[in-house]
Amino acid sequence: MDEDFLTEAFHQLRKDAAAGIDQMTVEEYERNLRERITELHRKLVSREYRAQPARRVWIPKGDGGQRPLAILVLEDKIVQRAVAMILEAIYEPPFCGFSYGFRRQHSAHQALTYLRQQCLDLGINWIIDADIQKFFDEISHSWLVDHIPMDRRILTQCPRRLG
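In the numbering used here, the protein residues as written are 68 to 230.
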């Protein structure tokens with residue numbers, strides 16, 4: 068993860084994304100991009116980098132409830148995007164072409180189009196849809212950490228689970 072890689076991660080971020088608790092915008096960060104990326108890279112290499120607290124907002128849900136949304140500071144977004152780029156390169160190749168969940172360039176609309184075509188091609192005339200409510204709230208996070216191959220240095224940077 069060199070400076071050019073971090074710069075590419077920066078350029079993949081949404082330009083209109085909300086600012087975190089530091090109020091740093093993409094436009095402002097870009098004004099001194101080379102210097103900021105150099106310093107971010109230095110902190111990552113020296114292991115001085117620490118994720119900052121997220122700005123928490125609550126988004127209304129259709130059922131009247133609310134869901135939390137954490138808005139990260141820009142440098143945390145850059146680091147997360149860079150890590151995601153690395154992990155995508157590792158984990159994307161073994162995925163089946165028909166796997167759509169939470170993959171870049173694989174939308175829900177594409178999944179429905181594929182599903183419709185499979186139903187037509189194979190003569191399927193019924194589908195069971197199951198949703199495990201709050202699955203990732205309930206699954207054992209320690210089990211996931213133990214069973215998903217991952218560089219342990221990444222895990223030391225993960226903020227503790229928010230309540």
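Even for Gly, the Cβ is constructed at its ideal location relative to N, Cα and C.
Beta-carbon contacts of residue i that lie in its chain and below 6 Å, excluding the five residues immediately before and after
i, result
"Arg-59", "In the structure as shown, the chain starts at 68 and stops at 230, and residue 59 therefore has no counterpart that could be examined."
"Pro-226", "The predicted model places Pro-226 with a pLDDT of 49, which falls under 50 and marks its position as unreliable, so this point remains unresolved."
"Arg-228", "At Arg-228, the pLDDT of 43 sits below 50, so the modelled position is not reliable; the number obtained from the coordinates is stated separately. Closer than 6 Å at Cβ, skipping near neighbours: no residue."
"Gly-87", "Arg-122, Ile-138, Leu-139 and Val-140"
Short Cβ contact (8 Å threshold) for residue i with residue j
i, j, result
"Phe-72", "Ile-145", "no"
"Asp-89", "Val-150", "no"
"His-181", "Phe-162", "It should be noted that the sequence gives Tyr, not His, for residue 181. No; because the gap between Cβ atoms is not below 8 Å, this pair is not in contact."
"Met-68", "Leu-111", "yes"
"Gln-184", "Ile-191", "no"
Residue i versus the options, residue with shortest Cα-Cα distance
i, options, result
"Leu-100", "Ile-195, Ile-191, Arg-114 and Glu-75", "Glu-75"
"Leu-80", "Thr-92, Arg-183 and Tyr-116", "Thr-92"
"Glu-142", "Gly-164, Tyr-158, Thr-105 and Leu-187", "Thr-105"
"His-173", "Asp-83, Trp-193, Ser-207 and Glu-155", "Glu-155"
Close beta carbons around residue i, own chain, < 7 Å, minus the five adjacent residues each side
i, result
"Gly-230", "Note on Gly-230: pLDDT 33, under 50, position unreliable in the model; the coordinate value appears next. Same-chain partners within the cutoff: there are none."
"Arg-123", "Pro-135 and Ala-137"
"Gln-177", "Tyr-167"
"Arg-103", "Tyr-96"
"Pro-120", "Ile-88"
"Glu-70", "Ile-104, Thr-105 and His-108"
"Asp-83", "none"
heavy atom of the ligand HEM below 7 Å from residue i C-beta
i, result
"Arg-114", "The ligand HEM is absent from the structure shown, which contains no ligands of any kind."
Three-way DSSP call (helix, strand, coil) for residue i in this model
i, result
"Val-212", "helix"
- In chain order, which alpha helix (DSSP H) runs of at least 4 residues are fully inside the segment 82-169? 93-98, 100-112 and 141-158
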